[in-house]
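Participant: Below: one structure in structure tokens.
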Amino acid sequence: MPAALIAPELLAPAGSLAMLRAALAFGADAVYAGQPRYSLRVRNNDFGDLSTLGTAIGEAHAAGRKLYVVSNVLPHNRKVHSYLCDMAPVVALRPDALIMADPGLIDLVRETWPQMPVHLSVQANTVNFAAVRFWQKLGIRRIILSRELSLDEVAEIRQQCPDIELEVFVHGALCVAYSGRCLLSGYFNHRDPNQGTCTNSCRWDYRLKAGEADASGDVHAANSPDARSGHRVWLLEEKARPGELMPVDEDEHGTYIMNSKDLRAVEHVQRLAEIGVDSLKIEGRTKSPYYVARTAQVYRRAIDDAVAGRPFDPGLLGELEGLANRGYTDGFYQRHHEHERQNYLRGHSESGRSLYVGDVLAWDAPRQLALIEVKNRFSVGDRLEIIHPTGNRQLALERMQHIDGAEIRVAPGNGHRVWIPLPAELPGALLARFV
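Residue numbers (this note's numbering): 14 to 448.
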């Protein structure tokens with residue numbers, strides 16, 4: 014009889030207290046959050062304020078969960094000088110670990126706070142068992158493995174390194190560079206991904222143009238039909254930068270740009286649990302509470318099913334389709350998906366199944382109406398999904414009232430509040446419209 018599986022930790026992102034609360038409500042075992050100055054998420058990050066971070070850590074611990082502070086910047090000298098002073102009050106808040114990438118900062122933390130657990134960030138690009146052993150010798154508690162590994166490679170690392178915690182990403186954005194080591198954003202607008210200010214330049218709108226090289230070897234746009242028909246040189250033009258043509262190298266396999274699909278590996282949760290991975294991580298600190306609620310709910314169910322010996326539910330794939338995405342891939346986990354990994358057709362987010370339209374703020378029991386904070390447009394006649402930690406339910410919207418009680422047919426969008434029928438009180442519920 015096979016040994017019972019141990020449930021891996023479900024680790025969810027938090028860029029705000031609202032995200033943290035959604036993650037905890039919908040099944041995350043732990044969350045990760047980072048201060049803007051020392052993590053790679055400067056934008057959409059509420060945890061620059063120590064009191065907010067302290068509140069987050071307190072709420073996680075009160076719920077019996079964990080909070081890891083991301084401190085994975087690859088710093089220049091000026092940040093090294095201020096690091097220990099700035100981090101002392103953070104460490105005093107007693108997070109469950111620091112997620113770090115830079116060897117120098119790791120060394121400073123290990124010397125100053127030897128009791129503080131350190132998890133090695135994916136930014137360190139750990140792709141083999143020898144590197145895992147190296148970091149383990151330095152006192153690292155957990156290794157967050159590089160996204161560029163296959164399931165078999167993860168399994169070999171676990172076999173070679175049985176006594177250290179391993180973490181892998183299972184959902185979220187993928188980078189076309191090695192885990193964020195990209196120069197595009199810095200080149201275009203001087204915002205360095207490795208300092209937390211990536212502008213996702215890989216997802217901008219590019220046009221491919223034929224090019225030709227002159228006698229000096231400089232590349233220009235091809236003007237003659239003959240040059241365009243026989244060229245081997247390509248140029249990129251970004252929509253907001255007309256006339257700035259950038260050469261693209263090509264070999265017999267093609268070019269290597271630009272816009273990766275999003276990672277979705279929920280179908281591999283059972284295998285990762287069987288391998289003995291300790292933590293499954295969802296990417297997305299700049300996303301919404303709705304995103305973290307839906308992803309945490311789906312991966313919680315996948316983990317619970319795997320541990321209970323239940324077969325994978327393909328319906329979980331459909332639930333994740335409802336989130337804004339650029340098309341999904343399981344990344345490098347299975348090597349035979351090369352032709353599907355890159356999304357060459359769209360650089361914008363699209364939603365295929367449902368759209369987040371509001372939050373349930375209150376419930377009027379006598380009238381059996383719920384007060385909705387509207388986020389996106391919905392109308393009478395729409396089929397809605399109520400998303401709640403106790404389970405989701407569907408309803409056909411038959412009527413709706415304005416906040417003042419007047420009957421209306423359309424909730425126009427963000428900034429409005431409306432009443433809709435809801436047969437039970439569901440605090441913290443989210444509302445989605447099927448599309």
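Heads up, the beta-carbon is just placed ideally off N, CA and C, and yes, glycines get one too.
Please confirm if F182 has its CB atom under 8 Å from at least one CB of chain C.
Facilitator: In the structure shown, chain C does not exist; there is a single protein chain.
Participant: Would you mind listing the beta strand (DSSP E) stretches within the region 19 to 103 that are 3+ residues and don't spill past its ends, in chain order?
Facilitator: If we require 3 residues or more, the beta strand (DSSP E) runs fully inside the region 19 to 103 come out as 22 to 26, 43 to 47, 79 to 84.
Participant: Go to G117, then tell me how far its alpha helix (DSSP H) extends in each direction, as first and last residue.
Facilitator: As a first step, residue 117 must be located in the sequence shown, where it is residue number 104. 116 to 125 is the extent of the alpha helix (DSSP H) around G117.
Participant: If I measure Cβ to Cβ from R390 and keep anything under 8 Å in the same chain, skipping five residues before and after, which residues do I get?
Facilitator: Counted from its first residue, the sequence shown places residue 390 at position 377. Excluding residues within five positions, the ones whose Cβ falls inside 8 Å are V370, V423, A424, P425, G426.
Participant: What's the gap between the Cα of L63 and the Cα of D372?
Facilitator: Residue mapping note: residue 63 aligns to position 50 of the sequence shown, counting from 1. Residue mapping note: residue 372 aligns to position 359 of the sequence shown, counting from 1. Spanning the two alpha carbons is a distance of roughly 27 Å.
Participant: Just to confirm, are L384 and W432 a CB contact at a threshold of 8 Å?
Facilitator: Locating residue 384 in the sequence shown gives position 371, where the first residue counts as 1. Locating residue 432 in the sequence shown gives position 419, where the first residue counts as 1. In this structure, W432 lies closer than 8 Å to L384 by Cβ.
Participant: Can you say whether T125 is buried or exposed, counting buried as having 16 or more other CB atoms within 10 angstroms of its CB?
Facilitator: As a first step, residue 125 must be located in the sequence shown, where it is residue number 112. The residue in question, T125, is exposed, as its Cβ has fewer than 16 Cβ neighbours within 10 Å.
Participant: Give me whichever residues DSSP pairs with A371 in a beta bridge.
Facilitator: Position 358 of the sequence shown holds residue 371. Checking the sequence, you will find Gly at residue 371 rather than Ala. Per DSSP, V387, L444.
Participant: Going straight from the alpha carbon of A223 to that of Y96, what length do you get?
Facilitator: By 1-based counting over the sequence shown, the position of residue 223 is 210. By 1-based counting over the sequence shown, the position of residue 96 is 83. If you take the alpha carbons of A223 and Y96, they lie about 48 Å apart.
Participant: Could you check where the beta strand (DSSP E) with P434 kicks off and where it finishes?
Facilitator: To locate residue 434, count along the sequence shown from 1; it is residue 421. Taken as a continuous stretch (DSSP letters only), the beta strand (DSSP E) holding P434 covers 430 to 434.
Participant: If you drop the 5 nearest sequence neighbours on each side, which residues of the same chain put their C-beta closer than 6 Å to that of Q172?
Facilitator: Translated into the one-based positions of the sequence shown, residue 172 becomes position 159. Answer for Q172: no residue qualifies.
Participant: When burial is assigned at 16 or more other CB atoms within 10 Å of the CB, is R277 buried or exposed?
Facilitator: Numbered from its first residue, the sequence shown carries residue 277 at position 264. Classification for R277: buried.
Participant: Taking E178 as part of the alpha helix (DSSP H), name the residues at either end of that continuous run.
Facilitator: The sequence position of residue 178 within the sequence shown is 165, counting from 1. No alpha helix (DSSP H) holds E178; the beta strand (DSSP E) holding it covers 178 to 185.
Participant: Quick check on V423: does DSSP put it in helix, strand or coil?
Facilitator: On the sequence shown, position 410 is the one that residue 423 refers to. Three-state result, V423: strand.
Participant: Helix, strand or coil for S463, going by three-state DSSP, please let me know.
Facilitator: Any question about residue 463 goes unanswered here, given that the chain covers just 14 to 448.
Participant: What three-state label does DSSP hand S214 in the structure shown?
Facilitator: As a position in the sequence shown, residue 214 is number 201, starting the count at 1. DSSP places S214 in helix when its eight states are reduced to three.
Participant: Can you give me the start and stop residues for the beta strand (DSSP E) that Q414 sits inside?
Facilitator: Taking the first residue of the sequence shown as 1, we reach residue 414 at position 401. Its beta strand (DSSP E) spans residues 413 to 415.
Participant: If we ignore side chains and look at the alpha-carbon of each, how far apart do N90 and I119 end up?
Facilitator: In the sequence shown, counting from the first residue as 1, residue 90 sits at position 77. In the sequence shown, counting from the first residue as 1, residue 119 sits at position 106. Whole-angstrom Cα-Cα distance: 15 Å.
Participant: Thinking E180 and D291 are a contact (beta carbons under 8 Å), I'd like their distance in whole angstroms, please.
Facilitator: Taking the sequence shown and counting its residues from 1, one reaches residue 180 at position 167. Taking the sequence shown and counting its residues from 1, one reaches residue 291 at position 278. That pair is a contact at about 6 Å.
Participant: Have a look at the DSSP bridge pairing and note the partners of L113.
Facilitator: Working through the sequence shown from its first residue, we reach residue 113 at position 100. Contrary to the premise, residue 113 reads as Met rather than Leu in this sequence. DSSP lists S84, L133 as partners of M113.
Participant: Just the Cα atoms here: how many angstroms apart are A66 and P127?
Facilitator: Counting from 1 along the sequence shown, the entry for residue 66 is found at position 53. Counting from 1 along the sequence shown, the entry for residue 127 is found at position 114. Sequence inspection shows Leu at residue 66; the Ala mentioned does not correspond to that position. If you take the alpha carbons of L66 and P127, they lie about 22 Å apart.
Participant: For V311 and A286, which I take to be in contact (beta-carbon distance under 8 Å), what is that distance rounded to the nearest angstrom?
Facilitator: On the sequence shown, position 298 is the one that residue 311 refers to. On the sequence shown, position 273 is the one that residue 286 refers to. 15 Å between Cβ atoms; not a contact.
Participant: At the level of alpha carbons, what is the spacing between Y303 and M32?
Facilitator: Position 290 of the sequence shown, counting from 1, holds the residue named residue 303. Position 19 of the sequence shown, counting from 1, holds the residue named residue 32. Rounded to whole angstroms, Y303 to M32 spans 8 Å at the Cα level.
Participant: What's the gap between the Cα of K274 and the Cα of G297?
Facilitator: The count along the sequence shown starts at 1 and reaches residue 274 at position 261. The count along the sequence shown starts at 1 and reaches residue 297 at position 284. Spanning the two alpha carbons is a distance of roughly 14 Å.
Participant: Below 8 Å CB to CB, which residues in the same chain sit around K252 once its five sequence neighbours on both sides are set aside?
Facilitator: Residue mapping note: residue 252 aligns to position 239 of the sequence shown, counting from 1. W217, D218, Y219, R220, listed in sequence order.
Participant: Candidates P327, D318, Q347, S301: which alpha carbon is nearest A337's?
Facilitator: Residue numbering aside, residue 337 sits at position 324 when the sequence shown is read from its first letter. Closest by alpha carbon: S301.
Participant: Does R277 come out as helix, strand or coil in the three-state DSSP assignment?
Facilitator: Against the sequence shown, residue 277 aligns to sequence position 264. The answer is strand: DSSP assigns R277 an E or B state.
Participant: Could you tell me the distance, in whole angstroms, from the CA atom of S392 to the CA atom of R380?
Facilitator: Here residue 392 corresponds to residue number 379 of the sequence shown, with the count starting at 1. Here residue 380 corresponds to residue number 367 of the sequence shown, with the count starting at 1. S392 and R380: Cα-Cα distance of roughly 20 Å.
Participant: Just the Cα atoms here: how many angstroms apart are D318 and I19?
Facilitator: Position 305 of the sequence shown, counting from 1, holds the residue named residue 318. Position 6 of the sequence shown, counting from 1, holds the residue named residue 19. Their backbone Cα atoms lie some 12 Å apart in a straight line.
Participant: Between Q407, R123, L435, which has its C-alpha nearest M113's C-alpha?
Facilitator: For the purposes of this step, residue 113 is identified with residue 100 of the sequence shown, where counting begins at 1. For the residues Q407, R123, L435, the minimum Cα distance to M113 belongs to R123.
Participant: Suppose you measure from the CA of D38 to the CA of P21; what does that come to, to the nearest Å?
Facilitator: Stepping through the sequence shown from its first residue, residue 38 is reached at position 25. Stepping through the sequence shown from its first residue, residue 21 is reached at position 8. The sequence given here places Ala at residue 38; Asp does not occur at that position. Distance between the alpha carbons of A38 and P21: 18 Å.
Participant: Would you say F447 and R314 are within 8 Å of each other, going by their C-beta atoms?
Facilitator: Walking along the sequence shown from the start, residue 447 turns up at place 434. Walking along the sequence shown from the start, residue 314 turns up at place 301. In this structure, R314 does not lie closer than 8 Å to F447 by Cβ.
Participant: Checking 8 Å against the spacing of the C-beta atoms, do L483 and T139 come in under that value?
Facilitator: Past the edges of the chain, shown from 14 to 448, lies residue 483, and the structure says nothing about it.
Participant: On the CB-based measure, 16 or more other CB atoms within 10 Å of its CB, does A306 come out buried or exposed?
Facilitator: Looking up residue 306 in the sequence shown gives position 293. With 16 or more Cβ atoms within 10 Å of its Cβ, A306 is classed as buried.
Participant: To the nearest whole angstrom, what separates the beta carbons of L23 and A41, a pair I think is in contact under 8 Å?
Facilitator: Along the sequence shown, one-based indexing puts residue 23 at 10. Along the sequence shown, one-based indexing puts residue 41 at 28. Correct: roughly 5 Å between the Cβ atoms.
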